[in-house]
Amino acid sequence: MGVGSPARPGSESRFCTGGSVAPTTTQYQRAIDLLKNFKVQAIIGPKMSMQARFTIGIGNKTNVPILSYSATSPYLSANQSKYFVRTALDDASQVPAIASLIQYFNWRQVILIYEDSDFGRGIVPYLVDAFQDADAHIPYRSIIPSVPTDDQIKVELNKLKTMQARVFVVHMSPNIAARLFVLAHDAEMLADGYVWIMTDSVGNMFSTLDKNTINSMQGVLGVRPYVPQSDKLLTFPARFLSRYRQQNQETPDPANPNIFHLWAYDTAWAIAMALRKAGPLALGLKLPSLQNINNSNDLSMLGVSQDGPGLIDSIRTTRFQGISGEFILVDGQRQGSVFEIFNVIGNSYQSIGFWTPNFGLTKKVITSSDASDNVGLNMVIWLGGSAQPPRGWEWPVAGKKLRIAVPVKPAPNPFVNIKNNLATGKFDVSGYSIDIFEAVMQEMPYAVPYEYIPVVDPNMAINLTISYSEICHQVSLKKYDAMVGDTTIIINRSSYVDFTLPYTESGVQMIVPMKENWSTSLWIFLKPIEPILWVAFLAVFVFTGFVIWLVEHKESRDFGGSAGKQLVNIAYFSFQALLAVPKDPKLKKWLLKFALINLVLLVWLLEKLYSASLTSMMTARQLQPTVVDLNQLISNGDYIGYQGGSFVKDFLKSHKVEEHKIRNYSTPDQYAEALMKGSWYGGVAAVFDEIPYLKLFMSKYCSNHSIVGRVYKTGGFGYVSFFFCSDSPIFCPDFCLTMHAIWKLKDS
1460 MGVGSPARPG SESRFCTGGS VAPTTTQYQR AIDLLKNFKV QAIIGPKMSM
1510 QARFTIGIGN KTNVPILSYS ATSPYLSANQ SKYFVRTALD DASQVPAIAS
1560 LIQYFNWRQV ILIYEDSDFG RGIVPYLVDA FQDADAHIPY RSIIPSVPTD
1610 DQIKVELNKL KTMQARVFVV HMSPNIAARL FVLAHDAEML ADGYVWIMTD
1660 SVGNMFSTLD KNTINSMQGV LGVRPYVPQS DKLLTFPARF LSRYRQQNQE
1710 TPDPANPNIF HLWAYDTAWA IAMALRKAGP LALGLKLPSL QNINNSNDLS
1760 MLGVSQDGPG LIDSIRTTRF QGISGEFILV DGQRQGSVFE IFNVIGNSYQ
1810 SIGFWTPNFG LTKKVITSSD ASDNVGLNMV IWLGGSAQPP RGWEWPVAGK
1860 KLRIAVPVKP APNPFVNIKN NLATGKFDVS GYSIDIFEAV MQEMPYAVPY
1910 EYIPVVDPNM AINLTISYSE ICHQVSLKKY DAMVGDTTII INRSSYVDFT
1960 LPYTESGVQM IVPMKENWST SLWIFLKPIE PILWVAFLAV FVFTGFVIWL
2010 VEHKESRDFG GSAGKQLVNI AYFSFQALLA VPKDPKLKKW LLKFALINLV
2060 LLVWLLEKLY SASLTSMMTA RQLQPTVVDL NQLISNGDYI GYQGGSFVKD
2110 FLKSHKVEEH KIRNYSTPDQ YAEALMKGSW YGGVAAVFDE IPYLKLFMSK
2160 YCSNHSIVGR VYKTGGFGYV SFFFCSDSPI FCPDFCLTMH AIWKLKDS
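Under the numbering used here, the sequence shown is numbered contiguously, ending at residue 2207.
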């Protein structure tokens, strides 16, 4: 199995660019002869993984290079043997392009459809990891037998039809895929709302599909390696057909060449170039000694090529611009950097974009760093002829209604109110929380069937709701699909369920009764003005009199006399000025008159303020809260109320309120009655509740109560589900975005 010497060089046919030395035509023919004589082996057939492994083992044992231009399964790796080289692209190389496509359209669930073989299964682990990184989930894997009947395919299609996900990625051999698409079309699964994506296992062989199959695939997307246009590529089909007719004169013409033909062509040129670099292969085979030969095993008689190590090194370092694109081997594996995304339209297809590792999805092949104008894809004609991207899921034909838990309130409630309709035998659910939920559901771009299920505590004599946290726990156990009501978003609940955006303001405060504060003090006439203001006014009064005396006492006899008399005159003169009756003595200086005018204006303003304040104090009721914060309640040992079923009880206990000091109420009327009784007469000193409920209480009982104390922040009211905004395609992102839009519209 030694590789012989190449023929003498003849006329050269230049094939490479960039200064590479091209092999001669004679060397190219020598490469073909080596392939035919199995001195350099080529593995044919993408599904022959077992045969390929066996052949690779022989090549590794005999030092004979094994080249594959069609075995694409990731189960085969060039790392398995130094003498194995894959000149085709690994199936896993297209996975990032498919994942980018899924992420670009924001599809959250994808179903894999693949054949039950090493070829079909090889790509699955790579798809799972890539979809996980793209925030997409694989709810089901549809496995088609490697030799399926139509009935077996129909059974799988019927299963898929009952599922929510409508995005399918197909990876199988072309002949099985053709049957799958025809049967899916007959089952009306190649219609509006569905998304079918085929890997390059089908895309590379698209030209071999018959017209009936292509007609059933209208709107299907495909991924395949991109082959750049070149003069040699344009002339290759004619040259290929001519050579084929020469060698197969009695057989019909083949289909147009596909990517495997191009890879085979480049493989032959790669061998030819490696032969030129390696030089004459004259060392031959080293045969085993007779004593080491096992007559029962022909493999023991194989010789070892002495030229193999040099030839395989030359092959692995070969690099040139081939007819299928740039030929580069890294660790014995051909590298591909550009994938084409195409859309099946009419009798053929249309390219809608490309994927590259550096730029992702682009409308055309990007060669520079400026890709901003070409990001994304060109227009896609989807299944059913629509130009609108499918949302990726539909409510299944046999789907059940969502079970929406609604907490039962013991009395009519503006947020959640449930009445038993005796005429229909059903429950009528209403309230602000229900209205918001139903408004969002009506604005969703698709219909979602659901039903309300009232939740009561079966252990209680009357129908009262159980703890909201307990209902959240039941949602996490999937007893209910969601919970709609006045449910507060708090940390411990968020650990096992998801919440939507809040639709009310957040926070917990307390409401307390107000007490009257009538003053009976004889000194009440001093209270309208603060003591500091009285002191300031007297200081201005004395200072003004002193300034007048200082200027006038030398010229006016009225400011003369003993010191005591002068002090009396100063005070008396200022007092007369306040009464606006100072007729004598007359001031001689205009500056003093100006100072006196300022004093009079100050006194006038002060008098108005004093009169208004004193009138208010003597006529209006003086109400003050009985307590002002939680710490005062705790220190006084007062009883505290809360709304039954809410998290406020746990909140109070976390703030060191003794459990026996906490009392449970259900309605605003009960709040008012308990507050009126007081802490020591069977009632409470304060009621803690969420701000929306406190405002509701104050709308009816605002005259004798007040909301006081600090605001303990919470997340506000939100809707609960195990899937609202996690991995469900139903409510994320549609529900959350629609709810956010409605809430913003409400605020505006």
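Using N, Cα and C, we set each Cβ at its ideal position, and we do this for glycine too. Keep in mind it's a predicted model, so treat the numbers as computed, not measured.
>> Which of the three DSSP states is assigned to ASN1817 in this structure?
In response: Note: ASN1817 maps to coil in three-state DSSP.
>> Let me make sure I understand the geometry here. Which of PHE1874, PRO1873, SER1889 has the alpha-carbon closest to that of VAL1880?
In response: The amino acid occupying residue 1880 in the given sequence is Asn; Val does not appear at that position. Answer by Cα proximity: SER1889.
> In angstroms, rounded to a whole number, what distance separates the CA positions of GLU1574 and GLY1966?
Replying inline: 56 Å
>> Tell me the DSSP secondary structure of HIS2114 in three-state form.
In response: coil
>> With a threshold of 8 Å, are at least 3 pairs of Cβ atoms found where one atom belongs to the segment 1710–1725 and the other to the segment 1684–1702?
In response: yes
> Assuming THR1532 contacts PHE1564 under a Cβ cut-off of 8 Å, what Cβ separation, rounded to an integer in Å, is found between them?
Replying inline: The sequence shown places Ser at residue 1532, rather than the Thr named in the question. That belief does not hold up - the Cβ atoms of SER1532 and PHE1564 are roughly 28 Å apart, past 8 Å.
> What are the complete beta strand (DSSP E) segments, minimum 3 residues, inside the segment 1511–1543?
Replying inline: 1525–1527
> What separation, rounded to the nearest whole angstrom, lies between the Cα atoms of ALA1537 and PRO1524?
Replying inline: When rounded, the distance between both Cα atoms is 11 Å.
>> Is the beta carbon of TYR2101 closer than 9 Å to that of TYR2069?
In response: no
> If you follow the alpha helix (DSSP H) that GLU1929 is part of, which residue opens it and which one closes it?
Replying inline: 1927–1935
> Quick one, are the C-beta atoms of ILE1635 and SER1605 less than 9 Å apart?
Replying inline: yes
>> Going by C-alpha to C-alpha distance, which of LEU2009, GLY1835, LYS1974 sits closest to VAL2087?
In response: LYS1974
> Helix, strand or coil: which one does DSSP assign to TYR1563?
Replying inline: helix
> What are the boundary residues of the alpha helix (DSSP H) that ILE1603 is part of?
Replying inline: Careful: ILE1603 lies outside any alpha helix (DSSP H), inside the beta strand (DSSP E) at 1600–1603.
> Rounded to the nearest angstrom, how far is the Cβ of GLY1791 from that of TRP1728, given a contact under 8 Å?
Replying inline: At roughly 17 Å, the Cβ-Cβ gap does not stay under 8 Å, so GLY1791 and TRP1728 are not in contact.
> Who does HIS1630 pair with in a DSSP beta bridge?
Replying inline: TYR1573
> Taking the continuous beta strand (DSSP E) assigned at PHE2106, which residues delimit it?
Replying inline: No beta strand (DSSP E) holds PHE2106; DSSP gives it neither H nor E.
> Using the C-alpha atoms, what's the distance from GLN1968 back to GLY2169?
Replying inline: As written in the sequence, residue 2169 is Arg, which differs from the Gly given in the question. Near 7 Å, if we compare the C-alpha coordinates of GLN1968 and ARG2169.
> With respect to the alpha helix (DSSP H) encompassing MET1732, which residues constitute its N-terminal and C-terminal limits?
Replying inline: 1718–1737
> With a cut-off of 8 Å, do at least 3 Cβ pairs link the segment 1649–1660 to the segment 1616–1636?
Replying inline: yes
> What is the C-beta distance between GLY1784 and PRO1711, in whole angstroms, given that I count them as a contact (C-beta under 8 Å)?
Replying inline: So it is not a contact: roughly 30 Å between Cβ atoms.
> For the alpha helix (DSSP H) that PHE1874 lies in, which residues bound it at each end?
Replying inline: From DSSP, PHE1874 is part of no alpha helix (DSSP H); its letter is neither H nor E.
> By a C-beta neighbour count over all protein chains shown, 10 Å radius and 16 as the cutoff for buried, is GLU1799 buried or exposed?
Replying inline: buried
>> Among the candidates HIS1596, GLU1897, PHE1801, TYR1534, whose CA atom is the shortest distance from the CA of TYR2178?
In response: GLU1897
> What separation, rounded to the nearest whole angstrom, lies between the Cα atoms of PHE1665 and SER1935?
Replying inline: 46 Å
> Is GLN1638 helix, strand or coil when you go by DSSP?
Replying inline: Looking at the sequence shown, residue 1638 is not Gln but Arg. Three-state result, ARG1638: helix.
> Which partner residues does ASN1880 have in the DSSP bridge list?
Replying inline: LYS1885
>> Does ILE2007 come out as helix, strand or coil in the three-state DSSP assignment?
In response: helix
>> If I follow the unbroken beta strand (DSSP E) through SER2165, where does it start and stop?
In response: 2164–2171
> Looking at PRO1869 and GLY1652, is the spacing between their C-beta atoms short of 9 Å?
Replying inline: no
> Helix or strand or just coil, what does DSSP make of THR1673?
Replying inline: Reading the sequence as shown, one finds Ile at residue 1673 and not Thr. Here ILE1673 sits in helix by DSSP.
> Using a Cβ-Cβ cut-off of 8 Å (strictly less than) and excluding sequence neighbours within five positions of GLN1611, which residues of its own chain qualify?
Replying inline: ILE1603, PRO1604
>> Looking only at its chain, what residues have a beta carbon closer than 6 Å to the beta carbon of HIS1644, apart from the 5 residues adjacent to it on each side?
In response: SER1675
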